[in-house]
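Reading through the structure tokens given below for one structure.
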Amino acid sequence: MSVVGNPSRDQRQEVAVTDRIDCYPEAEAKYSNFSKDACLARNCLFDDITDPSVIQCYLRPTYGYLLQQDVQQTATGIRLRLQRNQAIASPFLEPIENVVLDVQYYTNDIIRFKLFQFH
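Structure below.
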């Protein structure tokens, strides 16, 4: 597998094709201007050897959010306070830095996830 980007060898963790999160989901759109350079401009990884039918432009495996406090119990479930992993540059112009995830259990068959920004 040939992965292109600017990460060091240690940062460039190879990601199984089935575990990739698409960094350029609009690539199939008629006017998307998808290219290797456009992918890299989003600070994503590009696999130029894989078959084009699989995700070629994908998020770094360490991109995401980190738990900032212990999980809090609420009346209906749990609450998690998350902060964006700032060690990885975001491919988005205005990423949301801090997020609360509320998980609410209604019945054995119904669960609700609520994400919102906090400051």
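Using full-length UniProt numbering, read the sequence shown as starting at 1 and increasing by one per residue. Cβ atoms here follow ideal geometry from the backbone N, Cα and C, with glycine treated the same way. Predicted model only: the values in this text are computed from it and were never measured.
Counting only runs that start and end inside the UniProt domain "P-type" (11-61), the beta strand (DSSP E) elements of at least 3 residues fall at 45-47. In this structure, the CA atom of threonine 18 is about 20 Å from the CA atom of leucine 40. The continuous beta strand (DSSP E) containing tyrosine 105 extends over residues 98-105. Sequence-distant partners of phenylalanine 34 (beyond 5 residues in either direction) whose C-beta falls short of 7 Å from its own C-beta, in its chain, are Tyr24 and Ala27. No residue range can be given for leucine 93, since it is assigned to no beta strand (DSSP E) and is classified by DSSP as neither H nor E. Cβ neighbours of cysteine 57 within its own chain (closer than 6 Å, five residues either side excluded): Cys23, Tyr24, Cys39, Cys44 and Phe46. Collapsing the DSSP output to three states places glutamine 68 in coil.
Assigned with DSSP and collapsed to three states, isoleucine 111 falls in strand. An exposed status is given to leucine 66, since fewer than 16 other beta-carbon atoms sit within 10 Å of its beta-carbon. The three-state reading of DSSP puts isoleucine 88 in coil, since its state is none of H, G, I, E or B.
Exposure of arginine 112 is indicated by the presence of fewer than 16 other C-beta atoms within 10 angstroms of its C-beta. Taking valine 103 as reference, the option from Ala16, Tyr63, Ile78 and Asp48 with the minimal CA-CA separation is Ile78. Rounded to whole angstroms, the separation of the alpha carbons of threonine 76 and phenylalanine 116 is 17 Å.
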